[in-house]
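Take a look at the structure below.
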Amino acid sequence: MTAQQKPLEEISFQIILHSGNARSFAMEGVQLAKKGEFAAAHERLEQADNEFYQAHHAQTNLLQSEARGDQVAPSLLLIHAQDHLMTSMTTKELCLEIIELHEKFAEERR
0 MTAQQKPLEE
10 ISFQIILHSG
20 NARSFAMEGV
30 QLAKKGEFAA
40 AHERLEQADN
50 EFYQAHHAQT
60 NLLQSEARGD
70 QVAPSLLLIH
80 AQDHLMTSMT
90 TKELCLEIIE
100 LHEKFAEERR
């Protein structure tokens, strides 16, 4: 493994780790909303956003490296990490919509 591959592998795993954590927090938010615990549900979404921030930070470091002229050879792991990040972001947006729907239905039942 070359010196360039190791940081790339580490960055890829950071993106996977933090985007996976974000998706988990978002899904926990939906479960809380189903129980009517809306404040806690929104707190989970904030935790998801914090994890996304960390994933984006890792991604930004990689992009800045490439912008400086460093060659970044795409690997299957990096592609997987990017896919993981994008699907997690979509999941979080859908979870927000589901939580808001649960809130709306709860208000209408009162």
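To convert, note that position 45 of the sequence shown is 44 in numbering that gives the first Met the number 0; the numbers rise steadily by one, no gaps.
For glycine and all other residues, C-beta sits at the position ideal for the given N, C-alpha and C.
Neighbourhood of residue i by C-beta distance below 6 Å, restricted to the same chain and skipping five residues each side
i: residue 87; result: 18, 21 and 22
i: residue 84; result: 14, 18 and 54
Classification of residue i by the beta-carbon crowding that lies within 10 angstroms, buried from 16 upward
i: residue 24; result: buried
i: residue 32; result: buried
i: residue 91; result: buried
Under the three-state DSSP convention, the category residue i falls into
i: residue 28; result: helix
i: residue 33; result: helix
i: residue 43; result: helix
i: residue 70; result: coil
Beta-carbon proximity list for residue i, same chain, < 8 Å, skipping 5 on both sides
i: residue 50; result: 17, 18, 20, 21 and 24
- Task: Give a yes or no on contact between the stretch 32-43 and the stretch 93-102, applying the rule of three or more CB pairs nearer than 8 Å.
- Result: yes
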